[in-house]
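As structure tokens, the structure follows; a few thoughts come after it.
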Amino acid sequence: MNPLTTSLLCATLAGAALVPAHAEGVVEVRFSSPENYADAGRSASDRDSTEHTLRAHFARLAQQLPDGQVLQIEVQDIDLAGELLPTSRGRDLRVLNGGADWPRITLQYTLVADGKTLQSGTRRLVDMDYQSGIRPIDQRELAYERRMIDAWFEREFAAVKPAA
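Numbering (this note's numbering), first residue to last: 31 to 194.
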């Protein structure tokens, strides 16, 4: 790299450091007693995968909160959409039949800013109509649960979004 290119690169990086990053909220997620959940997967690795997916989804949603707000979530129970059926290959198959196998998540939450509680509560998220509305079919992991969480987040925190 020639000296002029190096100088320009350094100046650009220094200037970028002076520009404030996009402001957004933060989420802290805790899973209490996941081994006792109704259905977060059968094995420890399935439960870990479920936790990882939900934690990442909550983190994406928290980006919509104003800077300085912290959303604390304790997931108390999970019952994923569908039911697990064993197969001859040793890997369980999740079957979605649209009956009483809808997704459910029970959580406690607290939204905090500047050391003050803005909102808090316990919610039981349920989507009894989970098989309608995802078009085209969403193949991502925990699509029904993520959509249910999105709807809750929009209802619960729409009023705390910064003015446009």
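Heads up, the beta-carbon is just placed ideally off N, CA and C, and yes, glycines get one too. Quick caveat, the model's predicted, so the values are computed rather than measured.
Distance check for residue j and residue i, CA to CA, integer angstroms please.
| i | j | result |
| --- | --- | --- |
| glycine 112 | tyrosine 160 | 10 Å |
| valine 125 | glutamate 175 | 15 Å |
| serine 118 | glycine 151 | 43 Å |
| glutamate 81 | leucine 91 | 15 Å |
| glutamate 65 | valine 156 | 21 Å |
| glycine 55 | serine 75 | 29 Å |
| leucine 95 | glycine 120 | 42 Å |
| glutamine 149 | serine 73 | 34 Å |
| tryptophan 132 | methionine 178 | 10 Å |
| threonine 147 | histidine 87 | 23 Å |
| glutamate 171 | leucine 114 | 15 Å |
| glycine 98 | phenylalanine 187 | 15 Å |
Measure the CB-CB distance between residue i and residue j and report whether it falls below 8 Å.
| i | j | result |
| --- | --- | --- |
| leucine 101 | leucine 141 | yes |
| valine 59 | isoleucine 103 | yes |
| arginine 154 | arginine 134 | yes |
| leucine 110 | alanine 143 | no |
Tell me which same chain residues have a C-beta within less than 7 Å of the C-beta of residue i, skipping the five on either side of it?
| i | result |
| --- | --- |
| glycine 128 | Gln161 |
| glutamine 106 | Ser62, Thr136, Leu137, Gln138 |
Ends of the beta strand (DSSP E) at residue i?
| i | result |
| --- | --- |
| threonine 152 | 146–156 |
| aspartate 109 | 99–109 |
| glutamate 113 | 113–115 |
| glutamine 161 | Glutamine 161 -> no beta strand (DSSP E), and no H or E assigned at all. |
What is the residue span of the alpha helix (DSSP H) that residue i lies within?
| i | result |
| --- | --- |
| glutamate 65 | Careful: glutamate 65 lies outside any alpha helix (DSSP H) and carries neither H nor E. |
| alanine 89 | 74–92 |
| arginine 121 | Segment: none, arginine 121 is in no alpha helix (DSSP H) and carries neither H nor E. |
| arginine 185 | 173–187 |
Quick check on residue i - is its C-beta less than 8 Å from some C-beta in chain D?
| i | result |
| --- | --- |
| leucine 172 | Structure shown: chain D not included; a single protein chain is present. |
Tell me which same chain residues have a C-beta within less than 6 Å of the C-beta of residue i, skipping the five on either side of it?
| i | result |
| --- | --- |
| tyrosine 67 | Asp107, Ile108 |
| leucine 123 | Leu115, Thr117 |
Excluding the 5 residues flanking residue i on each side, which residues of the same chain have their C-beta closer than 8 Å to its C-beta?
| i | result |
| --- | --- |
| alanine 46 | With a pLDDT of 43 at alanine 46, under the threshold of 50, the modelled position of this residue cannot be trusted; read the value that follows with caution. Closer than 8 Å at the Cβ level, and outside the excluded window around alanine 46, lies no residue. |
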